[in-house]
Every structure is written in structure tokens, then in C-alpha cells.
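Mind the numbering: the sequence shown is residues -28 to -1, 1 to 942 in mature numbering (1 follows the signal peptide of the UniProt record, and there is no 0), read in order.
Following: one structure in C-alpha cells, then a few remarks.
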Amino acid sequence: MAHAKSRSKKTILRSVLALGLVLGCVNAVKREDFKTCSQSGFCTRNRAYADMAKEDPKWASPFQLNPSSLRLKEGILTGDLFNTQESQQPASSAGLGFELHLLDNDVVRVRVNERDPIHPRYDGVQDTVLIKPYGFATEANIERLQKDDNGILTIQYGPNNRNTVRISSAPFKVEFLVNGVPTVLLNNDGLLRFERLRNKDDGVLGENKLVDQASEEGEGEIETQVEKSPLELKLEENSWEERFKEFTDSKPRGPESFGMDITFSGINHVYGIPEHATSLSLKATRGTGAPYSEPYRLYNLDVFEYEIDNPMALYGSIPFMLGHSKNNTAAVFWMNAAETWIDVEKSATDNNSGLLSWIKGKKPVQAASTKTHWISESGVLDVFVFLGPTQRDIFRQYSSLVGTTVMPQAFSIAYHQCRWNYNTQQDVAEVDAGFDEHDIPYDVLWLDIEHTNGKRYFTWDEAKFPNPADMQQGLANKGRKMVTIIDPHIKMDSGYHVSQQGADLDVYIKNKDGTSNFDGWCWPGSSQWIDFYNPKARDWWASLFKYETYVGSTKSLFTWNDMNEPSVFTGPEITIPKDVIHYGNVEHRNVHNLYGTMFHSATAQGLTERNETNQRPFVLSRAFFAGTQRYGAIWTGDNVASWEHLEIASPMLLTIGLSGVAFSGADVGGFFGNPEPELLTRWYQAGIYYPFFRAHAHLDSKRREPWLFGEPYTSQIREAIRTRYAYLPLWYTLFHEASIDGMPIIRPMFTVFPEDEAVFGMDDQYMVGDALLVKPVVKPGVTQSTVYFAGTEKWFDIKSFSVQQGPGAKEVDSPADRIPVYQRAGTIVPKRERIRRSSKAMENDPFTLVIALDSKGEASGKLYLDDGETFNYQHGDYILREFKVSTGTLSSRSLKPTTEPEASDFMQHKAGLRIERIVVLGLAAPLKQVRVADREIEVGCAQAAQGGHYVCTVKEPRVNIGKDFDLSFV
Ligand code: NOJ
């Protein structure tokens, strides 16, 4: 507390002002709280270097690889990389070390690090982000290695050696080719720049000695000028100390940034690098006509009420980018957790006339390409290149490195009811009863920060919540759960057990002196932040979730991790200063974007380990990074109750999903403000198709439980939520798929229709898995929507079964009670149509299969089922079925590998649950007869209202969901 008292009045005032902002007293993001590139020294320096390179028609990268230094050993190629413009080449070392790893899953990793730096550059991101050490391609696989006289080294790899990596020595560049066609090019534009660590009075290694290449032509010698040009001065800007508003970043190690260009050759659309409130296909930030002038920024920040259509940084960062064209798909993962900026430029050519001419027998093509420029503040240059061949391969390759989405508990993919705050135990009971009264299912009730004793996490406000365990039991009796919020800032209060234990264990983040604890201001006032990089801190934190330490918690209580960017109201850009110190003397600057994930993972560990219940955890986090999917769900933070925010949620979630984090959602209704009933209803209708489906609202907003707006809204919202519950078997199956091979759950149209150029930029409609097409209504007063039906097959409206024929855009009805949702011909979707008060209450209900036949009369689909709660599925205790229709027979077969153990009795019981209904869409004539084995089954058919096809319903076929059967129909 002494700290709190010694705070200056100015600081407190600032805190209060900041708090006021967070509370929503001001109606828009305060842009000036956050840096632009020109306010960031390293961004400015690297962008200026790019400008210089672009303005010089003869520009060539000054980096060269020493060809005689190249060695290939056990899948790793190493070599010495020089910057020929560095005036001070260290006598003993080669300057930079180049590494190229050939992984056994056809991924290539390229690293550039400093040799013998004056202090080690931070290289620890891999330890927390990569799930396991990967295997290398064997020498046999890379035997097709050739070196030519010009020092160009070529290695072929991948299936049938379809991929080639070409490494050029002078100038240095690395090109990836697919079937001989250049696809991903590193340093093709020569923007590689690497600030080597140095002492402040050493002078500058590098660009202060920049040579005007044009004037130097033919001289063959590096100029040794001393005068600095304005450009050179700019390149040094803010190298040793940097100010932003009233904050000073002390930068004890000086400049250590690096940047490099990555060209997606012949690829005009790039996607990924969340989190930004922008379109799915990333807009250009540079070049003629670029819609944005700022680069995309990756720096986890608390940007409440964020602006849309903007490349500003938000709460999470995933430096993964996927490029796609009709002919090609490729991706890169820039593994760095420091602040990073990325410029995107669309280009008519690769700007490199010689580039394509060497491909023998092929005519040079002038393809539209996307050039990107990646700039990170510190660490090492470490980039993975994925060449597929398909998107599915890329998702599998990427997730084999950083992990897949963890299989969630079944309840957590149902509906969550949240607001800041449900105020008392009585309030909770009334809201809970309200759902039953209005016949609206829900699974989880959430408590925000006000439930605690003075924002001391793991405690309860005893006046408002006198019997938390009873309250949870009351919900659990109906199969419902509760979530409480736990933030990473710990109130400074020696009487608070968590605060005191943290001090005793010495697990708080330290100031730049490395010894005193950092303190700042957050919800509880003066607070300290737990250093989750310290293994002792993580284990201690995890232990706090045991029922005996988290008094009042029960098995049905789960966790919400908020403010974990981390948000510090008194810090620069509302976060923690970059020069604070973590365990192992690691400066925060190196790991900022991973902090929230470390917190998320420690919490998930706590819920997993509490009292050995074998229960899967559920933790929602606001901050995220590559690999977050291994710990739980995320949401898109403090959005606004506006139509524009409803609209931007789809591209944001699609982007996050394709970057590996499948379990994500946006606050339904919009966090700030008061949605009009139509907006709220439309948001529910869209939100039921978010992987994480939660309504949430700000403290100052009016209450908005689904029944408060009267009819027709209550019925419309009820219908939407019930639709989510009906499709839970499909959602759960898609989560399984994501957990196995990293597939996104909601998928951009281009993922399902990779050859249809009309959908490459489309983000106002999307697919749930491969089966459902969803088009949210995002404008008021709309009753007709334009939907693009891709492919050459039919699409069936999920409610009316009316049919649309692809390809092409059509105007379809989108009346107030539903948005357009279509099932694709050729798919089979599992459902449960007896909607009850919670998903738990439905877990023993029978199933419905909806079969949408394609033009060949075929269809297929899957169902995954386990106990929905425990880790037993990891030991084979699950059911995985494939349903297939061909030549008039629906068959059900297990997809479970025979090597897996038999399912337990419990799962055998699940396998015995029956299919009560089979709906067949797309029949040219009514079915006459349906048979299983010797039995004839009742079937009823009717002609669909529109489209001319027949819809037949097979009732009680007396087959089980988890057992083999063949059902024939004519
Ligand atoms: C900020 C979060 O984004 C919001 O969802 C939450 O309600 C408030 N913090 C209060 O905890």
C-alpha cells in the first residue's frame, strides 16, 4: 500500500481518466492513446529503409550469403550472412547466421540470427509456441540439392518434389517455387535489415554508412562517408530512448529490430495476421491507391470501442498470413512475440524482371502479386513457409507446429449469458428462471468483476453472493454452469491472500531495475502483475483454482481471463512498459504478445489440475497469440452495439479462425451502448453461427436479457438460440475436426471453394464447416439479401427447404425472424431437434440426420461424440461415424481407427442412442420405399414450396447413431 500512497496526484488523475475511458464515458476509441508507425522508432526506421529501396531503381539487397560457408547437416542448412554495407565487419564472426530447416512435414523454416552478439538476442518464443521438437526431412528426401556456379543453391522437397527452395547468395534471397512457379519469395525486394546489438557509443553498424548504390556503380568499394543524410538520421531515430506522450521507453539494449519483405508471387489475396477490425482479404497499406496508410500492427492492446476498418492493433496477435490464388495457396508464420508491423502492397508484377525468365520452357507471366514487409522490434528472424498443396494441408502443417484447438467441454459451445454485472445471487436466480419461463435454452451464466470483494480475484462479495457454491449447484441442477472473471492484475493489499502469496513467492513482474516489483493501475487500483514466464508463478497460479483455495468454487465453475494484454491504465498505450523484466532477465519487449497466452495457459492448467476430476477446462481469454487454441476460447473484446460492429464481426472471426484459433466469438448485442431490438435480434441470428456464442453488455448499458424487448423479438431470439442447440452435434463434430487437423470451424468461402475467384474477397457470408452457408443480416430494415451460391450444386434453405442453384448471386428472403442459411447439396448434417433448457439436458436425446443430395444423388457427413466433459476421448473413448449416401443407400460406418481401444460402456450407451428422423432433400420424385435390413420404414414426402424437389422424412428408422447400418431407399 505504501506504493499506492506515494503515487503522484498526476498519475492518479491519469489513472482515473483512463478508467473513465474504459468505463465508456467517451464514445470512441482515443486514437491518440496508441502509436502510429511514425511514433515508433523501429517501424519508422524500417519503413524508411523500404522507401529508400523503392526509390532506387538499382536497389539490391546489401546482404550476401557466403556460398563456401553453406553446410547441410541433418536437415539444417547453415551459412554466413553479411551485410556488405556494414562498415565494421567483426573480424572473428560472420555477422549473421543463416539457417534453413527442412521439416519432415514439408515445412521450411528460415532463421537469421546474430553471431556472437554482445548479449544474446531473445530466442525463447519457440519454447512456448512450438508444441514439440519437430522432425527433419531425411538426407534421402533432400538429395536433390544442387549448387550452381553463381552460388545459387536449389533443394527440391515435398510430395513428388513439387516444391523447390532456391537460395541466392548475392544478393541474398530465398525463393519457394511450386511446380517450378515462384510462390513465396523472401527478401526479393531487398528489404532485409537487421539491427545488430551494440553499445551506445560504438556508433552504428550499418545504415549510417549507407552507400548510394546508383552513384557507386562500378566503383566496387564501400564508401566511408561520415556526414549523415536526413535519411540516415531517420534510420537512427529513437534508437536508444523513445518517448510517447508522457512515457519514456528506456531501451537499455538500444536498437535491435529487423525487417524483411515476403512476396506472395502470383497471389493477389492475403489473409490472416489478426487481430484487426478489417476485411478478410487484407487491404493494401502501401502503393498507389492503398486504402490504408498505416501498416497492420501486432501489439496486444486494450483498445476498447475500437474503430472498424482500421489496421490498428487490438487485443490479440497472430503473425500468420495465408495467400491464395486460383492456382496456388501458401502461408507464412513469422514467429515473433515482440511488437510487429506489416505493410501490404498489391503489385501487378514481382518487380523483378529476371525473376521468371530462368524457368526453362515456361513463358514469363505478369502475375498479380502481394508484397508484404514484416518489421519486428526484437528477437530473431524466424519464419516458417507452408506450401500446402491445399489449404487443408497448410492448416494441418501449421497446427502440427503450434497446436490445434483443444476439444472443449460440450456445454461451452452452447449459449452463454453474460453482462457486467449480474449483481447478486438473487439476480442470478431471476435471470436463470427467466430463461426457463421463456423457454429459451442457455448453458452458462457469467459473473464479471463486481462479484468479487473489491476486485480481489478468487474472492466473493459476500453481501451480494453469500452462498456461491449453492448458487452454482442451483444452476448445475439444470445442467448449467457458471463462469467468473479472474484477471492477471493483483490488488496491492497485504491482507489479500493472493497478493501476499505472490509477494512471498516473489512472482511479480519487475521494474527495469530487475529487482523492485512493477506496479500500475487497473480495476482494483494499485496492482501488480504476475509474471507468468516464471514456472513457479504458473504452478502457484494453477494451484489457486483448487476448490479448497478458491473458496466457493465448484466443479461447475469455469474461468474468464480478461485484461491480459496486459491492460495497465497508467501505462504507455494502456499496457505495461516494454522495459519491465520477466523471469530469466527477459525484457517484456521480447514477449509482449505472448503474455496473455501464458496467463491463459496457467489458468487452463489450474482448471485441469483442480482436484483431479479429469474434467476439461474452459477458459475464455481476451489476449491471444499463435498457440492460444491449445488453452481455450477467445473473444473480440469491447465492440459496440452498432450495425457496423455486427458486420465486422464476421471477417474478424473468419480471420482469427484461419490463423489457428477456431474457438472465437464476438459479444452478441455489442458491448458498449444499447442495441435497438432489431439489431439485438439480428445479432443473435448471426451469433448462433459464431464458434463461441455469448451475449455480453457493459455496466452502463440497459438490461437486455432475450425476453426484455417483448414480441416479436423474444420469439425471434428464442428461435435463433434454439437453432444453435439443434445444430450442436454438427458444431461438436467440427470442433473435433479442428482439434485433429487445425481446420477452421467457420470457414471463409475461399476455403471451401478455392477455385472460384468470385469468393476470394468475400467476407459477408461464410461456411460452417463444409455444409452450412450463413449470410448475416447487418443492416436495419432488410428483408431481402443477396447470397452468392458457389459451386455447381444446389443449396437448401434450412427452414423452408426451398432450393437455390449455384453458381451465382441471388436475392433471397431474409425476413425478421431469420437470416439466410443454406445446406449444401452433397452433405449430411447431424442434429438434435428436441430442444431443452440446456445442452446437458439434451445429451441423451435421439438424433436427426438431414441429407442434402447432390446432382448424382450422393451425400456424406460425419458425427463425433464423446462424453462431453472428460479427457477420456484421448484414450479412445469416443464415437466417430461417417454417413454416406450413394446408389440409393445410406450407410453408417465407424471412422475410428481399429488401433484405438473400444469405447467404454458409457460410450457404448451413447452409441445406442437412436436416430429418430432422417430428412432427405433434393429428390426428383417421392420415395416409395425405405428399408433397413428386412424392415420397411415409414416415410412421408412432400414437394418443397419452391424448387420442385421432394423432401422426404423417414420416421423412426430404428437405427442407432453409433452402430453400422445400411438403409436403402427407392
Ligand atoms: C473489459 C472486458 O473487455 C469486458 O468484457 C468486461 O466486461 C470488462 N473488462 C469488465 O471486466
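For glycine and all other residues, C-beta sits at the position ideal for the given N, C-alpha and C.
So what's residue i in DSSP terms, helix, strand or just coil?
i, result
"C15", "helix"
"Y567", "helix"
"L618", "helix"
"S772", "coil"
"G629", "helix"
"I234", "strand"
"M284", "coil"
"E928", "strand"
"G833", "strand"
"D376", "Before going further, note that residue 376 is Thr rather than Asp in the sequence given. Correct three-state label for T376: coil."
"T608", "coil"
"L847", "At residue 847 the sequence reads His, which differs from the Leu that was named. Three-state DSSP puts H847 in a helix."
"M293", "strand"
"R43", "strand"
"Q57", "coil"
"N533", "strand"
"A249", "strand"
"F937", "strand"
"P802", "strand"
"R138", "strand"
"R93", "coil"
Taking the alpha-carbon positions, what's the residue i to residue j distance?
i, j, result
"residue 977", "V374", "The chain is shown from -28 up to 942; residue 977 falls before or after that span and cannot be answered."
"A634", "T377", "6 angstroms"
"L254", "I280", "14 angstroms"
"V242", "T723", "13 angstroms"
"D789", "Y760", "21 angstroms"
"L885", "V931", "9 angstroms"
"P726", "M715", "15 angstroms"
"G641", "V750", "12 angstroms"
"Y836", "R903", "25 angstroms"
"Q756", "S774", "15 angstroms"
"E218", "R3", "16 angstroms"
"T526", "S876", "26 angstroms"
"F35", "D121", "19 angstroms"
"W703", "G288", "24 angstroms"
"F941", "E783", "34 angstroms"
"D354", "I548", "25 angstroms"
"E928", "A514", "48 angstroms"
"T569", "H91", "27 angstroms"
"R865", "Q880", "15 angstroms"
"R561", "T362", "36 angstroms"
"L867", "I851", "8 angstroms"
Apply the 10 Å Cβ neighbour rule to residue i and answer buried if 16 or more other Cβ atoms are within range, or exposed otherwise.
i, result
"I620", "buried"
"R907", "exposed"
"residue 944", "Absent from the model: residue 944. The displayed extent of the chain is -28 to 942, so no value can be given."
"F437", "buried"
"F878", "exposed"
"K882", "buried"
Is the beta carbon of residue i within less than 7 angstroms of some heavy atom of the ligand SAH?
i, result
"V942", "In the structure shown, the ligand SAH is absent; the only ligands present are the ligand NOJ."
Can we say the stretch 476 to 483 touches the stretch 394 to 412, given the rule of at least three CB pairs closer than 8 angstroms?
For the pair of segments examined, the stretch 476 to 483 was found not to touch the stretch 394 to 412: the number of CB pairs separated by less than 8 angstroms stays below three.
Does the pairing of the stretch 823 to 831 with the stretch 889 to 905 give three or more beta-carbon distances under 8 angstroms?
Flag = yes, the stretch 823 to 831 and the stretch 889 to 905 touch.
Sufficient close CB pairs (3 or more, under 8 angstroms) joining the stretch 685 to 699 to the stretch 378 to 395:
Yes: the two stretches touch, three or more of their Cβ pairs being nearer than 8 angstroms.
Touching by the beta-carbon criterion (3+ pairs, under 8 angstroms), the stretch 401 to 408 and the stretch 643 to 652:
Segment contact: the stretch 401 to 408 against the stretch 643 to 652, fewer than three CB-CB distances shorter than 8 angstroms; contact not assigned.
Can you give, in chain order, each stretch of the alpha helix (DSSP H) that sits fully within the stretch 670 to 737 and has at least 4 residues?
Segments of the alpha helix (DSSP H) lying fully in the stretch 670 to 737: 685 to 698, 700 to 713 and 721 to 724.
Can at least three beta-carbon pairs, one atom from the stretch 801 to 813 and one from the stretch 661 to 679, be found at a separation below 8 angstroms?
The stretch 801 to 813 is not in contact with the stretch 661 to 679.
Hey, is the stretch 674 to 692 in contact with the stretch 707 to 716, meaning 3+ C-beta pairs nearer than 8 angstroms?
Touching, no.
Unbroken stretches of the beta strand (DSSP E), 3 residues or longer, contained in the stretch 555 to 603
You should have 591 to 593.
Continuous alpha helix (DSSP H) assignments of at least 4 residues falling wholly in the stretch 381 to 464
Counting only runs of 4 or more, we get 397 to 409 and 440 to 448.
Tell me, please, whether the stretch 582 to 602 touches the stretch 345 to 360 by the rule of three or more beta-carbon pairs shorter than 8 angstroms.
Between the stretch 582 to 602 and the stretch 345 to 360, the count of C-beta pairs closer than 8 angstroms stays below three; the two stretches do not touch.
Does the stretch 541 to 555 touch the stretch 452 to 460, meaning 3 or more C-beta pairs lie closer than 8 angstroms?
These segments do not touch.
Count Cβ pairs between the stretch 532 to 542 and the stretch 489 to 503 that sit closer than 8 angstroms; are there 3 or more?
As far as the Cβ criterion goes, the stretch 532 to 542 touches the stretch 489 to 503, which means the pair count is three or higher.
For the stretch 868 to 930, which segments carrying the alpha helix (DSSP H) assignment without a break, of at least 4 residues, lie completely within its bounds, in sequence order?
Listed in chain order, the alpha helix (DSSP H) runs fully inside the stretch 868 to 930 are 877 to 883, counting runs of at least 4 residues.
Segment contact flag, the stretch 550 to 567 with the stretch 505 to 513, C-beta cutoff 8 angstroms, min 3 pairs:
Because the criterion of three Cβ pairs below 8 angstroms is met, the stretch 550 to 567 and the stretch 505 to 513 touch.
Given 8 angstroms as the limit, is there contact between the stretch 288 to 304 and the stretch 137 to 155, that is, 3 or more CB pairs closer than that?
The count of Cβ pairs closer than 8 angstroms, one atom from the stretch 288 to 304 and one from the stretch 137 to 155, reaches three, so the stretches are in contact.
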